[in-house]
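Which chain is which? The protein sequence lines are F and V, in order. The first sequence maps to residues 2 to 200 in the numbering used here. The second sequence maps to residues 2 to 200 in the numbering used here. We put the beta carbon where it would ideally sit given N, CA and C, even for glycine. A quick write-up on the structure given underneath.
Protein chains: 2
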Amino acid sequence: MGMDLKETRIDGEVAFDGRFLKVTRDRITLPDGAETFREFIRHPGAVVILPLFDDNSVLLERQFRYPLDKVFIEYPAGKIDQGEDHLACAKRELQEETGYTASNWDFLCTIHNAIAYSDEHLELYLARGLTAGPARLDDGEFLETFRATVPELLEMVSSGQITDVKTVIGTFWLEKIIAGNWAPGKTCPAPVTTAQSPS
Amino acid sequence: MGMDLKETRIDGEVAFDGRFLKVTRDRITLPDGAETFREFIRHPGAVVILPLFDDNSVLLERQFRYPLDKVFIEYPAGKIDQGEDHLACAKRELQEETGYTASNWDFLCTIHNAIAYSDEHLELYLARGLTAGPARLDDGEFLETFRATVPELLEMVSSGQITDVKTVIGTFWLEKIIAGNWAPGKTCPAPVTTAQSPS
């Protein structure tokens with residue numbers, strides 16, 4: 002990298018402490034020495050589960066998302082509790098939302114969904130060896146589940162029926178995995194602070 | 002769909018009106034009749050440009066993102082001004098950030114990146130027939146550009162070097178387009194309010 006792109010924190014405050022959202026406002030120094038402010042959501046991070054059956058079909062959810070006033074097609078997902086292990090969270094969320102447990106778990110990737118104004122990260126896991134059981138939805142949580150094939154999901158991505166980023170990305174990963182082009186090799190998340198290629 | 006999943010607004014307020022972020026807090030009715038609150042960011046939406054050269058290499062940016070204290074690899078992108086046409090915004094942002102203009106534009110898809118707490122939508126465009134020119138970065142905007150091939154970018158996605166969702170999704174779309182599997186056919190965005198398949 003040629004340019005120094007880094008922005009440096011001077012000081013900051015909690016600008017908004019709502020029921021669900023927390024906004025931090027930091028005063029910062031830009032690369033050219035000028036001062037400005039950055040506001041962003043502090044988020045605990047979340048897990049996303051790609052539940053893949055032995056016949057290569059996939060378990061999904063329909064859930065109403067209030068900010069966009071619309072039902073979305075999504076993979077099971079949920080916020081990481083404070084101090085919770087990511088894989089333990091993935092197992093908990095899959096069971097709570099769908100009732101399914103899985104005998105075979107693989108970490109796939111970390112994604113960042115709103116880098117301009119949120120520190121949220123999503124940890125994607127592949128879940129295989131699925132066994133049905135009773136769901137235990139949180140109070141105030143309403144969703145329904147359905148099964149689809151990866152070709153059906155890819156068609157929904159290309160036609161605009163699936164627009165949720167974790168679901169678009171999870172579907173592309175599943176295509177690569179089922180085709181044998183990408184192997185789910187890692188069993189624990191990559192370190193959060195590095196983004197180096199292993200090569 | 003079996004269940005009624007819809008949540009209905011009762012009333013609401015601007016809970017936080019910051020320098021950059023605006024948070025709405027609405028009181029709502031859940032599908033079972035219970036009342037609760039939803040807080041979410043109001044966002045004007047953004048465009049993302051996939052600049053594809055005749056040799057199938059792609060133009061990208063490195064940009065520091067303060068919430069995650071890290072330089073990200075990204076496609077050119079920017080917020081839609083109030084009332085601005087999406088395609089006009091894509092042309093403006095590509096030229097401002099990279100200096101490039103393009104003779105051939107295709108709308109690819111809309112994605113939603115934070116459906117639990119933001120109404121942000123991102124409109125992805127493919128830009129071909131590229132011609133270099135001078136960049137005109139906004140005050141306080143610092144970035145550098147570079148070129149890479151789609152196979153190189155896919156390797157960066159699978160290895161965790163690229164984690165920004167618009168860049169992950171744009172790279173998968175470019176692979177489909179270059180392989181001839183998905184055609185960029187639409188020249189204007191799909192209607193915002195429908196998510197129906199054409200079939």
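For T99 of chain V, the secondary structure class from DSSP, reduced to helix, strand or coil, is helix. Taking a contact as a CB-CB distance under 8 Å, the pair L51 of chain F and G171 of chain F counts as one, their CB atoms being some 5 Å apart.
Taking a contact to require three or more Cβ pairs closer than 8 Å, the region 56–74 of chain V and the region 9–22 of chain V do not qualify as touching. In the DSSP annotation of this structure, the continuous segment of the alpha helix (DSSP H) that includes L155 of chain V starts and ends at 151–160. Here D120 of chain F is buried: its Cβ has 16 or more other Cβ atoms, across all protein chains shown, within 10 Å. In the DSSP assignment, L175 of chain F falls within the unbroken alpha helix (DSSP H) covering 166–179.
Within 7 Å of the CB of Q64 of chain V, the CB atoms of chain F belong to L6, in sequence order along the chain.
Residue-level contact by beta carbon fails for T99 of chain F and chain V, as no gap is shorter than 9 Å. For Y118 of chain V, there is no enclosing beta strand (DSSP E), as DSSP marks it with neither H nor E. Rounded to whole angstroms, the separation of the alpha carbons of E153 of chain V and D82 of chain V is 33 Å. I11 of chain F: member of the beta strand (DSSP E) spanning 9–18, first to last residue. Taking CB atoms only, V59 of chain F has no neighbour in chain V less than 9 Å away. One finds N114, A115, V166 in chain F with Cβ atoms closer than 8 Å to the Cβ of N114 of chain V, taken in chain order. For the pair C90 of chain V and V59 of chain V, the CB atoms are not nearer than the 9 Å cut-off. Buried is the label assigned to L175 of chain V, since at least 16 other Cβ atoms lie within 10 Å of its Cβ.
Residue V:E145 holds the alpha-carbon nearest to the alpha-carbon of L61 of chain V among V:G181, V:V166, V:E145. Of the residues V:H122, V:A35, V:E40, the one whose Cα lies closest to the Cα of A78 of chain V is V:H122.
Around the C-beta of E36 of chain F, fewer than 16 other C-beta atoms lie within 10 Å, and the residue is accordingly described as exposed. The beta carbon of D165 of chain V sits closer than 6 Å to those of F73, E75, all from its chain and outside the five residues before and after it, given in chain order. With contacts defined by Cβ atoms closer than 9 Å, G19 of chain F and F17 of chain V form a contacting pair. For D107 of chain V, not one C-beta of chain F is nearer than 9 Å to its own C-beta. Contact with chain F is absent for V48 of chain V, since none of that chain's Cβ atoms lies less than 9 Å from the residue's Cβ.
If you look at F73 of chain F, you'll find it in the beta strand (DSSP E) that goes 71–75. Shown here, H113 of chain V sits in a strand according to DSSP, grouped into three states. The C-beta distance from I178 of chain V to L127 of chain V rounds to 7 Å, short enough to fall under 8 Å. Sequence-distant Cβ neighbours of T132 of chain F in its own chain, meaning closer than 6 Å and more than five residues away, are T102. Taken through DSSP and simplified to helix, strand or coil, L88 of chain F comes out as helix.
Between F21 of chain F and F147 of chain V, the C-beta gap is not smaller than 9 Å, which leaves the two residues out of contact.
Residues T172, E176 of the same chain have their beta carbon placed closer than 7 Å to that of L155 of chain F, with the five preceding and five following residues left out of the count. Residues V72 of the same chain have their beta carbon placed closer than 6 Å to that of F65 of chain F, with the five preceding and five following residues left out of the count. Per DSSP, I42 of chain F is one residue of the beta strand (DSSP E) stretching across 36–42. Sequence-distant partners of L31 of chain F (beyond 5 residues in either direction) whose C-beta falls short of 7 Å from its own C-beta, in its chain, are E8, T37. Judged by beta-carbon spacing, P68 of chain F lies within the 9 Å limit of Y118 of chain V, meaning their Cβ atoms are closer than that value. Shortest Cα-Cα distance from E40 of chain V to any of V:N57, V:E94, V:E14, V:W106 involves V:E14.
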